[in-house]
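Position one of the sequence shown corresponds to residue -12 (my numbering), numbered consecutively onward.
Even for Gly, the Cβ is constructed at its ideal location relative to N, Cα and C.
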Amino acid sequence: MQKPINTTQPLRTLIVEDSEDDTLLLVDQLEIDGERPVDWQRVETEQALTEALQQHWDVVLSDYTMPHLSGMRALEVVRQHDLDLPFIFVSGTIGENTAVKAMKSGAQDYVMKGNLSRLMPAVTRELEEAQQRRERRQAEQSVRILSLVVEQAADSVLITDPRGFIEYVNPAFERMTGYGRAEAVDGKPSLVKSGHHDQAFYQAIWETVTKGEIFRGTLINRRKDGELFYEEKVITPLKDEQGRVTHLVSTGRDITERVKADEARAQLVAILEATTDLVAILDLGGCLNYLNNAGYRLLGLDPKVDISKFCLTELFPERIKQQLQSEAWPVAYRTGSWSGETALLRMDEIEVPVSQVLLVHRDAAGEVEYLSTIARDISERKRFEAELQHQATHDTLTGLPNRVLLMDRLSAEVERARHANNSVAVLFMDMDNFKRINDSMGHTIGDTLLQQIADRLQAALRPNDTVARHGGDEFVIIAGDLARSENVLAVLRKVYGAFERPMLLGAQEAYITFCTGIALYPHDGNGVEDLLRNAGTAMYQAVVAGHNQYRFYAPEMNARSHELLTLETELRLAFKHNEFVVYYQPQAELSTGRIIAMEGLIRWQHPQRGLISPAGFVSMLEESGLIIPVGEWVLSQACAEFREMGLHNMRISVNVSASQFNDPELLHKVSCIMKRENMPPNSLELEMTENIVMQDPAAATETLKKLRALGVRIAIDDFGTGYSSLSYLKRFPLDALKIDQSFIRDMTNDTNDAAIVEASITLGKKLGLEVVAEGVETKEQLEFLRTHGGDLAQGYYVSRPLCKTELIDLLREERRW
């Protein structure tokens, strides 16, 4: 009988995990759900794991992907140590195929880090099953030992005279009792008395045999060494011709092992009856001789039914019968066992998926004696695997196929089109103004809108077409079986027609439009990646053209697309290999001619092409999303070098892109950098364009106020080229305006540019802002700015952008402009 799990003792848990935070989350989850303390140890190397396994553990929890030790290697080490120790993967990266491989390699279960509510039930279940496995193995071992003892046992023989004095014992007696012949002869059988039978018991035996009757019974005796044993005894009186008893012949058989084996078998039967797996014993025809309780429940059988009328093949669906007959039976008879996944057919015709083992048992001569099978209900696992499969291939919000399934469907469509000589269209759709709707009405409304869009797209398409959510507000449609490429226009019209009616957004209605890019197989590519990329490229062209536009992919864009892809790859490597550097362009104070500030500018020190200016790569940083980590690096590097150069009573300015400004972590990052580098208040200035802050003026105002509270100056860059909305400009907490160099370049020759520069300086002064002129390249420009009250000048006339050492040399000259 299975011993209950002791829930009063701490749960001994060995955790193979490289993250301390993830480990603490696991421990908290175990203690909360398990309602008992957890004794745990975290390891992340193979050596530490090997050492930790010298202790007793109830369960091992392991991440799958770690820098110093893979989860699969950890599983191998644990299995070499203990086959029964429960091992559960707890990971955020393990996929379905990897999880199945891990289970086949000996892991008991796997739990996703995003779904830790499954952890304690999985641990509890595996602790119980591990205990059952150990008990079964111990019982089986005991039965094997007992069987060997029973097979090698021999009957003992003991002969006494009529008075009961021993005259002869055989070697089996000596082996059975431990008494040698010399010790036994002339003594009485009472030398093996154990004290477990009273005097009346022995008196009854004596009366039976002295009357000339045979005694048959079982005695509990004691060997010479004091050990008790069970003896199955027959005492036969030998009589002479007159009928007088002359001798008593006692034959004894040590049945101790048989008794113990019976107890062990009873325990084994109890275990089999308690297990949740179906266990059945079959005759050579495959019909049932034994079925445990779990088997009755799993098959939906009445416990009173005669199981002998059921044969194994009758308990499976037709397709499984064929599998058993063609594969399972032949393999089992050839190798001794077969295992695989099948499905049982309940009495109510419901199929139950099971993991099944079929065993063939042979006697000593190699002849088949009987068959057995074990089947485990894996319905829950199958449901979980199906759920995982759906989650891995479908978008959680809309239920549409995600990019993984999209690629698979597109590959299949291309293959079909290749054989049928048809066309396939890929429509890459980007919703217009989704960010505005999301920001103004909230993410809940935005999510509901995406769900409505998914429904309309599905309703508008043919049954064989695929619509997938590619991410955010982007959708991709695969339209196959197009006899002519022009037929895609009909699909496009249906899609656009589906959105001629307004969408309901809460209590409001709104018309939704898309920009769509279209790539056609085989005209625009033969591969799945090529088609999707080219459709995306065409979509971006549609976005440039305006709202509610569509564009077909143009072949001549391939070269440019390849060039941009190569540039993005190089930029990622550049960031990884620390190829970016910061140069500094000084800003001269017009009233004194001294350098009082500088702007930090990124440069790319390319290993082959040398120093590359931002014009050659910043736009790609924006498109690829690298602008956020690279921008943070520039800010951090500029502040660090500012501190290293020991610049006092000066300031440094750094550009902030739109992506950086919209980064929710911007304030935290700036704050951390300023604290780390001990930046004095107003020594750091962040520059951003009007277009950035005008995207969402209310949110921008809050962000700028919080930056100012950190001691950061704010400057509007490229002033005059963006919105130039004076009504908003006065509301923003600004410190400086930077006049764009396009106005500075010709202001000494063009009266319009001169007027714009004068007006900008006057406006800045009226608003209490410092005015900085960019692109100052001549003495005449500098003097013009000085005459009209400008504050700072930046440009090649003052200095080109310099590296750190060049800047230090320039500052030491203490020049005046």
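Proximity of residue i and residue j at Cβ, strictly below 9 angstroms
| i | j | result |
| --- | --- | --- |
| Val758 | Leu724 | yes |
| Lys175 | Gly151 | yes |
| Ala330 | Val318 | no |
| Ile75 | Asp96 | yes |
| Ser410 | Leu285 | no |
| Leu392 | His381 | yes |
| Leu622 | Ile614 | no |
| Tyr540 | Thr553 | no |
| Gly698 | Met661 | yes |
| Thr37 | Val3 | no |
| Asp468 | Ala373 | no |
| Leu17 | Val47 | no |
| Cys298 | Gly272 | yes |
| Leu492 | Val413 | no |
| Ile365 | Gly287 | no |
| Asp5 | Met53 | yes |
| Ala441 | Gly386 | yes |
| Leu653 | Thr690 | yes |
| Pro601 | Ser786 | no |
| Val617 | Ile589 | yes |
| Ala171 | Ile153 | yes |
| Val641 | Glu677 | no |
| Trp591 | Ala561 | yes |
| Arg(-1) | Trp44 | yes |
| Gly58 | Asp50 | yes |
| Ala824 | Asp142 | Outside the displayed span of the chain (-12 to 804) sits residue 824, for which this structure offers no information. |
Option nearest residue i by Cα separation, candidates the options
| i | options | result |
| --- | --- | --- |
| Lys220 | Thr238, Arg210, Gly230, Asp212 | Thr238 |
| Leu255 | Gln128, Arg520, Ile464, Gly777 | Gln128 |
| Gln41 | Gly58, Leu1, Leu12, Glu170 | Leu1 |
| Pro224 | Asp173, Glu218, Leu235, Glu214 | Leu235 |
| Leu789 | Met585, Arg520, Asn408 | Met585 |
| Asp740 | Glu113, Phe706, Gly353 | Phe706 |
| Ala126 | Glu664, Pro616, Ala248 | Ala248 |
| Asp511 | Tyr498, Ser472, Tyr527, Phe501 | Ser472 |
| Gln439 | Pro450, Met418, Met163, Arg423 | Met418 |
| Asp148 | Asp173, Val568, Ala780, Lys91 | Asp173 |
| Pro667 | Asp650, His655, Met637 | Met637 |
| Gly633 | Thr792, Lys753, Arg123 | Thr792 |
| Gly79 | Lys693, Gly597, Ala379 | Ala379 |
| Val530 | Lys481, Phe501, Arg520, Thr556 | Phe501 |
Residues sharing a beta bridge with residue i, DSSP
| i | result |
| --- | --- |
| Met416 | Phe462, Thr503 |
| Met585 | Pro573, Ile639 |
| Ile806 | In the structure as shown, the chain starts at -12 and stops at 804, and residue 806 therefore has no counterpart that could be examined. |
| His534 | In DSSP, His534 forms no bridge with anything. |
| Trp193 | None, per the DSSP bridge assignment. |
| Lys180 | Asn208 |
| Ala220 | It is worth fixing the name first, because residue 220 is Lys in this sequence and not Ala. Paired residue(s): Gly204, Gly239. |
| Glu757 | Ala723 |
| Ala349 | Strictly speaking, residue 349 in this sequence is Arg, with Ala absent from that position. Arg349 pairs with Val355. |
| Lys226 | Val232 |
| His593 | Gly597 |
| Val3 | Val30, Ser49 |
Distance between beta carbons of residue j and residue i, contact taken as under 8 angstroms
| i | j | result |
| --- | --- | --- |
| Leu259 | Asn279 | 5 angstroms |
| Gly433 | Asn420 | Actually they do not touch by this definition, with Cβ atoms about 11 angstroms apart. |
| Phe730 | Ile743 | 5 angstroms |
| Ile726 | Ala760 | 5 angstroms |
| Thr360 | Phe415 | That belief does not hold up - the Cβ atoms of Thr360 and Phe415 are roughly 53 angstroms apart, past 8 angstroms. |
| Gly728 | Gly762 | Correcting the residue identity first, residue 728 is Gln in this sequence and not Gly. That belief holds up - the Cβ atoms of Gln728 and Gly762 are roughly 2 angstroms apart, short of 8 angstroms. |
| His183 | Ile207 | 4 angstroms |
| His457 | Arg390 | 6 angstroms |
| Val454 | Phe462 | 6 angstroms |
| Ile639 | Phe648 | The pair is not a contact, with the Cβ atoms about 18 angstroms apart (cut-off 8 angstroms). |
| Ala343 | Gly327 | The question names Ala, but residue 343 in the sequence shown is Gln. Their Cβ separation, rounded to whole angstroms, is 6 angstroms, which keeps Gln343 and Gly327 in contact under 8 angstroms. |
Residue i beta carbon near the ligand ADP (any heavy atom closer than 8 angstroms)
| i | result |
| --- | --- |
| Ile599 | Although the ligand ADP was asked about, the structure shown includes no ligands whatsoever. |
Test: residue i CB closer than 9 angstroms to a CB of chain C
| i | result |
| --- | --- |
| Tyr483 | Structure shown: chain C not included; a single protein chain is present. |
Fully enclosed by the segment 264 to 345, which beta strand (DSSP E) runs are 3 residues long or longer? Under the rule that a run must span 3 or more residues, the beta strand (DSSP E) segments found entirely inside the segment 264 to 345 read 265 to 269, 275 to 278, 324 to 332.
3 or more residues per run - each beta strand (DSSP E) lying fully within the segment 666 to 754: 671 to 676, 699 to 706, 723 to 726
In chain order, which alpha helix (DSSP H) runs of at least 4 residues are fully inside the segment 23 to 105? Contiguous alpha helix (DSSP H) elements confined to the segment 23 to 105 occur at 33 to 39, 58 to 68, 83 to 91, taking only those with 4 or more residues.
Can you list the beta strand (DSSP E) stretches of 3 or more residues lying completely in the segment 467 to 526, in chain order? 490 to 492, 495 to 497, 501 to 508
Every unbroken alpha helix (DSSP H) within the segment 379 to 455, with a cutoff of 4 residues, ordered by chain: 390 to 407, 421 to 428, 430 to 447
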